[in-house]
Amino acid sequence: MDIKREVTENCSGHDRVVKFLRDQLLSGSLKAGDSLLPERELSLKLGVSRPVLREALRALAMIGAVEIRHGIGTVVTKPDVSLFGEFFTFVLAHQPNVVDDVMQARIAIERQAIRLACSRGTQSDYDRLADCLREISDTIHAPEAGGRADYRFHETIVSASGSPTLISIYQSISLLMQRSHLDRREQIIQVEGIEAFLIDHHRAIFAAIVERDEDQADELLSRHFEIGADFRRRATIRMFDFPAVTHRP
Ligand SMILES: [Zn+2]
1 MDIKREVTEN CSGHDRVVKF LRDQLLSGSL KAGDSLLPER ELSLKLGVSR
51 PVLREALRAL AMIGAVEIRH GIGTVVTKPD VSLFGEFFTF VLAHQPNVVD
101 DVMQARIAIE RQAIRLACSR GTQSDYDRLA DCLREISDTI HAPEAGGRAD
151 YRFHETIVSA SGSPTLISIY QSISLLMQRS HLDRREQIIQ VEGIEAFLID
201 HHRAIFAAIV ERDEDQADEL LSRHFEIGAD FRRRATIRMF DFPAVTHRP
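Numbered per full-length UniProt numbering, the sequence shown spans residues 1 to 249.
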């Protein structure tokens, strides 16, 4: 497939308005807080009718890219990425095994994020990670609160990466990840040795980040996912560990 710059000639009026805003943002000509040209001027500039312009701006307002302020005009806004969590959940929910598949995206994002966190992490990131670690320890016997604490620890690593793109992608699948954290925690909590593993392993990951040891942090995180999957497999065996039922012919 050829990768070309988009041409506007064949675009619908709606697409032209959307492309205009996107291009202006990417080139830095517009940023959050800036006002768009008045409706009449903008419709002339883009060669679209005013009803089409209005409709396109309303659609952009729905995704939080602009805000239509009556009596003032249209102002550029930064969409709240957490809104897309719902959107992605609906998109991905159609797939079978979505929670397992989201795990693959999570591994890819977190392994790069932890490397960046080692070089870019700040004292306030370490403090937040230490709080999360304490929370993991305090909630170790409660699957729901424990699953949430575990999620927050990993989310804090991604935010310590300082990469807005990684953080946004991670947030957009956060609803599905939180669900997977909870499901896993409920499954594995019965497995022997899980509590010590959960506390010790998160602490070791935390130490590697603070030591700024990228390879060690990545290696530990990769093992974290593997061991997590292993505990989950063992939890599946336990599900069949019920007393034998007498079989009557
Ligand atoms: Zn974890």
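Glycine included, each C-beta is placed from N, C-alpha and C at the ideal position.
- Message: Tell me which residues share the same chain as Phe197 and place their Cβ nearer than 8 Å to its Cβ, disregarding the 5 neighbours each side in the sequence.
- Response: If we look at Phe197 and ignore the five residues flanking it on each side, its Cβ neighbours are Ile227 and Phe231.
- Task: Using only the heavy atoms of ligand 1, determine whether one of them is closer than 7 Å to the beta carbon of Asp138.
- Result: Flag unset: Cβ of Asp138 not near ligand 1.
- Query: On the three-state DSSP scale, how would you describe Ile167?
  - Reply: Note: Ile167 maps to helix in three-state DSSP.
- DSSP beta-bridge partners for Arg69? Secondary-structure assignment with DSSP links Arg69 through a beta bridge to Gly73.
- Message: Just checking His202 against ligand 1 - is the residue's beta carbon closer than 7 Å to any of the ligand's heavy atoms?
- Response: Inclusion of His202 in the 7 Å shell around ligand 1 follows from its C-beta lying nearer than that to a non-hydrogen atom of the ligand.
- Sequence-distant residues of its chain with Cβ nearer than 8 Å to Leu37 (five each side left out): For Leu37, where only same-chain residues beyond five positions count, the Cβ hits under 8 Å are Lys45.
- Residue(s) in a DSSP beta bridge with Ser35: In the DSSP output, where bridge partners are listed per residue, Ser35 has Val75.
- Query: What do you reckon, are the CB atoms on Ser137 and Arg212 nearer than 8 Å?
  - Reply: The answer is no: Cβ separation not under 8 Å.
- Starting from Ser195 and walking both ways along the alpha helix (DSSP H), at which residues does that stretch end? Correcting the residue identity first, residue 195 is Glu in this sequence and not Ser. Looking at the DSSP string, the run of the alpha helix (DSSP H) that includes Glu195 is Ile194 to Val210.
- Which term fits Thr122, buried or exposed, when burial requires 16 or more other beta carbons within 10 angstroms of its beta carbon? With fewer than 16 other Cβ atoms inside 10 Å of its own Cβ, Thr122 counts as exposed.
- Message: Measuring only the C-alpha atoms, how far is Gly47 from Gly13?
- Response: Going from the Cα of Gly47 to the Cα of Gly13 covers about 8 Å.
- Item | Coarse secondary structure for Ala149, derived from DSSP in three states | Of the three classes helix, strand and coil, the one that applies to Ala149 here is helix, per DSSP.
- Cα separation between Leu42 and Thr89? Computed Cα separation, rounded: 35 Å.
- Quick one: grab the DSSP three-state call for Gln24. Here Gln24 carries a helix assignment [DSSP, helix/strand/coil].
- Message: Once the 5 residues before and after Ser180 are set aside, which same chain residues still bring their CB inside 7 Å of it?
- Response: For Ser180, where only same-chain residues beyond five positions count, the Cβ hits under 7 Å are Val99, Val102 and Met103.
- Message: Which same chain residues end up closer than 8 Å to Gln171 when comparing Cβ atoms and leaving out the 5 residues on each side of it in sequence?
- Response: Once the five neighbours on either side are set aside, the close Cβ partners of Gln171 are Val81, Ser82, Phe84 and Gly85.
- Task: From the DSSP output, in three-state form, read off Leu30 for me.
- Result: Coil.
- Task: Hey, could you find the ends of the alpha helix (DSSP H) Asp213 is sitting in?
- Result: Premise fails: Asp213 is in no alpha helix (DSSP H) and is neither H nor E.
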